[in-house]
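Engineer: For the sequence shown, position 403 (counting from the first letter as 1) is numbered 403 according to UniProt numbering, and the numbering increases by one without interruption.
For each residue, glycine too, the CB sits at the ideal point set by N, CA and C.
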Amino acid sequence: MATLLYRLGRASLRRRRLVAVIWLVVLVGLGLAAATLRGPTASNFTMPGTESQKAIDLLADRFPAASGATGTIAIKAPQDGALTTPAGQAVVKQVTEEAATLPGVVGAVDPYQAQALTPDGRYALIQVQFAGGADEVTDEQREAYEKVGEQAEAQGWQIAPGGEVLNGEPEVGSTEAIGVLVAAIVLVITFGSLVAAGMTMLNALIGVGVGMAGLYALSGAIELTSTAPILALMLGLAVGIDYSLFITSRHRQNLLDGHSPEEAVGRAVGTAGSAVVFAGATVVVALAGLAVVGIPFLTVMGLAAAGTVTVAVLVAITLAPALLGFAGNRALPRKLRDRKAVEDPATGSEDRSGFGFRWANWVTKLRIPVILVGLLGLGLLAIPAQDMRLALPDASAAAEGTPARVSSDLIREGFGPGFTGRLAVVVTADSPQDTQAALPQVTALIQKTDGVLAVAPPQVDPSGRTALLGVIPETGPTDEATETVVHDIRKQVAGIQNADVLLTGVTAVGIDVSEKLSDALPVYLLLVVGLSILLLMLVFRSILVPVKAALGFLLTVAATFGITVAVFQQGHLADLVGLDTPAPLVSFLPILLIGILFGLAMDYEVFLVSRMREDFVHGDTAQQATINGMGHGARVVTAAALIMISVFGGFVFLEDPIIKSMGFALAIGVAIDAFVVRMTIVPAVMSLLNNAAWWLPRWLNKILPNVDVEGEGLRAHLADKQHAEV
């Protein structure tokens, strides 16, 4: 592979204009396709096979008028008792009629008829039924809904439209540009050259542009969740910068060793590029592996992110060499651009006085205390993870001041938390008589279930065969007690004869999704750990190195979960990340985090340990090889980690709690894995293992294919080439 990439790197530099034009054509073409073919993104998370989803599908078929999105308008009168006065009733009637005539609305329920009033006569709820699902509600319809009751508000009333209809697509604003700016500063400091830093950033941005344009071009044919493009952008930008950074760094080193630009870039792509391809492949495999969980929206998110990573790899091994060809010696700092400096190996990277070598010497000398302190520290950070709860966030966790949050707070204030997470029970039978016979039984069983506050009168479809019951739990949508209520209701109605009874609603969907993801988490973690051991065994021809890498990955995941739970669920230091209200972690965060961190952890493992193996194979002692690997790789890995942390951290400033938690967890995970695990614990363990780290049984060595990530085949090819030239 290294020899093939060496030839590809040289060819890309020689034909740099053609390569640049091809990528620009691809970017423009996909951009035009995205503009014309882009489809809407979905803000809901469906889960085929669950009871809640079966009920939704059944309603769409038999009771379409009740299958659309719902809204709840909370009303607060200026003083107690105002709702019982003629003037107050007129205000509520006017708001109800206004809501019923909105575009896209089927009807609005009068709170007086539904008895949705508080005893003090100050709060009321208007239920609004839309014709289409939440994803089918247009921006114009949503804006009109949010403006309901403006006349009443002018009279001192508080009108707060809310409900699932306000679930919109999270917006990517200017805050994440801060992360990109920090990444650019890190590149300038690392390279000491604006040209090298600018080309690395340009390379990454073109890759992200191509990946995102391609993703949006496909969105008309496949359903994307609203978080999928943001995840793809987040990951594609981070790895795009990192992969170009690794190749550019090795190219500069080759220039300093006296090679021509063409030879330097060929060797860079053949060596660092091999590691980039392998590292990118691990990220892609881990993300694509989310498909084994069998959850459609998670599969789409994983494949979308995997696509942008694939583009980042292709751009790094083709466009980066082309851009470096345009730069020539300007990729070096100004003081090293003259020919004498370039030809002098003393100016190369073999200076052992740098921080990487000093750090490696210190860690290997104090390896046992370093390992113990590292394990103890990460273990303490992981403690909160045992209390982790998963859920799909409700409006109570939205940013303060947003319409959804204002409505949720007002409902909780007047009616209690259960009214923000209504459940829906679907009763259906082959005949209207069977449905009518089942309704009293179902209602009685639900009413005597612990944790149920009230059961609303049934709504029946025109055929009389399907009915819908509203159920109000005593607790909020993400409360653990509500999960118990959902399971208890399902057990209570399981014995109903001659009718099917299914529990659904946004709250029930969230609980079903969270439980299925929790069940899939151990299986996926086992798959990822097993995959990491197998892949690293191929790369490093060792058993203990892959096992050590997998254990380090588990430490990273546990500590990351612990910190994320402490901040986002328990609320410690929540103000630092702009979190208004602590809540359970979004249900797909852990499994997504495992997939992404696995790929990134393998990145740093490969870039550091491959140099250790390279030096060990060429005669260095295991101890010296460990120091060399750290000494040569520490600066680049540090820069790469800081860039990833900056890019991911930029998304913490978004208001959306899902994106905020994803950005935070990824930034923390990268920081822990790069600086604590890979650059501290790994060299300490490698030093402790000594020669045993590279042991591999002969029989296993024979059957394992040689992927040549370290470029041993390339060195042989170059040696033969030099011999032929002589």
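Looking at the structure shown, is residue 603 part of a helix, part of a strand, or coil, going by DSSP?
Structural biologist: For this step, residue 603 is matched to residue 603 along the sequence shown. Three-state DSSP puts residue 603 in a helix.
Engineer: Pull up the DSSP beta-bridge partners for residue 129, would you.
Structural biologist: Residue mapping note: residue 129 aligns to position 129 of the sequence shown, counting from 1. Answer is 70, 107.
Engineer: Which residues does DSSP list as the beta-bridge partners of residue 503?
Structural biologist: Translated into positions along the sequence shown, residue 503 becomes position 503. BP columns for residue 503 point to 425.
Engineer: Kindly provide the ranges of any alpha helix (DSSP H) runs that are 4 or more residues long and lie completely inside the UniProt domain "SSD" (194–326), ordered along the chain.
Structural biologist: Segments of the alpha helix (DSSP H) lying fully in the UniProt domain "SSD" (194–326): 194–218, 228–256, 261–288.
Engineer: I need the straight-line Cα distance from residue 116 to residue 125, nearest angstrom please.
Structural biologist: Residue mapping note: residue 116 aligns to position 116 of the sequence shown, counting from 1. Residue mapping note: residue 125 aligns to position 125 of the sequence shown, counting from 1. Their backbone Cα atoms lie some 6 angstroms apart in a straight line.
Engineer: Pick from 434, 397, 577, 596: whose alpha carbon is nearest that of residue 586?
Structural biologist: As a working mapping, residue 586 is identified with position 586 in the sequence shown. Minimum Cα distance to residue 586 is reached at 397.
Engineer: Since I believe residue 374 is in contact with residue 680 (beta carbons under 8 angstroms), could you give me their beta-carbon distance rounded to a whole number of angstroms?
Structural biologist: Here residue 680 is taken as the residue at index 680 of the sequence shown, counted from 1. Here residue 374 is taken as the residue at index 374 of the sequence shown, counted from 1. Confirmed, about 6 angstroms.
Engineer: Would you decide whether residue 394 is buried or exposed? Buried here means 16 or more other CB atoms lie within 10 Å of its CB.
Structural biologist: Locating residue 394 in the sequence shown gives position 394, where the first residue counts as 1. Flag for residue 394 reads buried.
Engineer: How do the region 204–223 and the region 237–244 stand: do at least 3 beta-carbon pairs fall below 8 angstroms, yes or no?
Structural biologist: With a cut-off of 8 angstroms, the region 237–244 and the region 204–223 count as touching, because enough Cβ pairs lie within range.
Engineer: Buried or exposed for residue 727, going by 16 or more other Cβ atoms inside 10 Å?
Structural biologist: Since the first and last residues shown for the chain are 1 and 726, residue 727 lies out of range.
Engineer: For the beta strand (DSSP E) that contains residue 583, what are its first and last residues?
Structural biologist: If you number the sequence shown from 1, residue 583 lands on position 583. Per DSSP, residue 583 belongs to no beta strand (DSSP E) and is neither H nor E.
Engineer: For residue 177 and residue 449, what's the separation of their Cα atoms in angstroms?
Structural biologist: Counted from its first residue, the sequence shown places residue 177 at position 177. Counted from its first residue, the sequence shown places residue 449 at position 449. Rounded to whole angstroms, residue 177 to residue 449 spans 51 angstroms at the Cα level.
Engineer: If you draw a straight line from the alpha carbon of residue 380 to that of residue 107, how long is it in whole angstroms?
Structural biologist: By 1-based counting over the sequence shown, the position of residue 380 is 380. By 1-based counting over the sequence shown, the position of residue 107 is 107. Their backbone Cα atoms lie some 54 angstroms apart in a straight line.
Engineer: With 16 as the cutoff for other CB atoms within 10 Å, does residue 94 come out buried or exposed?
Structural biologist: For the purposes of this step, residue 94 is taken as the residue at position 94 of the sequence shown. Label assigned to residue 94: exposed.
Engineer: Could you spell out the range, first to last residue, of the beta strand (DSSP E) harbouring residue 472?
Structural biologist: By one-based count along the sequence shown, residue 472 stands at place 472. Residue 472 -> beta strand (DSSP E) spans 466–473.
Engineer: For residue 104 versus residue 137, is the C-beta distance shorter than 8 angstroms?
Structural biologist: Your numbering for residue 104 matches position 104 in the sequence shown. Your numbering for residue 137 matches position 137 in the sequence shown. In contact: residue 104 and residue 137 (Cβ atoms closer than 8 angstroms).
Engineer: Skipping 5 residues on each side, what residues in its chain have a beta carbon closer than 6 angstroms to that of residue 400?
Structural biologist: Position 400 of the sequence shown, counting from 1, holds the residue named residue 400. Answer for residue 400: 580, listed in chain order.
Engineer: Taking the straight line between their C-alpha atoms, what separation do you get for residue 546 and residue 697?
Structural biologist: Indexing the sequence shown from 1 puts residue 546 at position 546. Indexing the sequence shown from 1 puts residue 697 at position 697. For residue 546 and residue 697, the distance between alpha carbons rounds to 14 angstroms.
Engineer: Could you tell me the distance, in whole angstroms, from the CA atom of residue 306 to the CA atom of residue 660?
Structural biologist: The sequence position of residue 306 within the sequence shown is 306, counting from 1. The sequence position of residue 660 within the sequence shown is 660, counting from 1. Near 21 angstroms, if we compare the C-alpha coordinates of residue 660 and residue 306.
Engineer: Could you tell me which residues DSSP pairs with residue 75 in its beta bridges?
Structural biologist: As a first step, residue 75 is located in the sequence shown; it is residue number 75 there, counting from the start. According to DSSP, residue 75 bridges with 124, 159.
Engineer: Got a sec? Which residues, its chain only, sit under 7 angstroms from residue 542 by beta carbon, not counting five neighbours each side?
Structural biologist: Walking along the sequence shown from the start, residue 542 turns up at place 542. Contacts found: 693, 694, 695, 696.
Engineer: Three Cβ pairs or more, each shorter than 8 angstroms: is that satisfied between the region 295–302 and the region 220–232?
Structural biologist: The region 295–302 vs the region 220–232: in contact.
Engineer: Do three or more CB pairs link the region 361–370 to the region 553–568 at distances below 8 angstroms?
Structural biologist: No: the two stretches stay apart, fewer than three of their Cβ pairs being nearer than 8 angstroms.
Engineer: Quick one: what does DSSP say residue 402 is sitting in, helix, strand or coil?
Structural biologist: Sequence index remark: in the sequence shown, residue 402 carries index 402 (1-based). Reduced to three states, the DSSP call for residue 402 is coil.
Engineer: I need the straight-line Cα distance from residue 594 to residue 601, nearest angstrom please.
Structural biologist: Translated into positions along the sequence shown, residue 594 becomes position 594. Translated into positions along the sequence shown, residue 601 becomes position 601. Answer to the nearest angstrom: the Cα atoms are 10 angstroms apart.
Engineer: Need the endpoints of the alpha helix (DSSP H) that residue 87 sits in, please.
Structural biologist: Residue mapping note: residue 87 aligns to position 87 of the sequence shown, counting from 1. From DSSP, the alpha helix (DSSP H) with residue 87 extends over 86–100.
Engineer: When you compare each of 643, 531, 684 to residue 189 by their alpha carbons, which one comes out closest?
Structural biologist: Translated into positions along the sequence shown, residue 189 becomes position 189. Comparing Cα-Cα distances from residue 189 to each of 643, 531, 684, the minimum goes to 643.
Engineer: Count the other CB atoms, across all protein chains shown, that sit within 10 Å of the CB of residue 431; report buried if there are 16 or more and exposed otherwise.
Structural biologist: As a first step, residue 431 is located in the sequence shown; it is residue number 431 there, counting from the start. That one is exposed.
Engineer: Looking only at DSSP bridge pairs, what is residue 680 linked to?
Structural biologist: For the purposes of this step, residue 680 is taken as residue 680 along the sequence shown, with counting starting at 1. None; residue 680 has no bridge partner.
Engineer: Specify the secondary structure class of residue 573 as computed by DSSP and reduced to three states.
Structural biologist: Taking the first residue of the sequence shown as 1, we reach residue 573 at position 573. Residue 573: coil per DSSP, three-state reduction.
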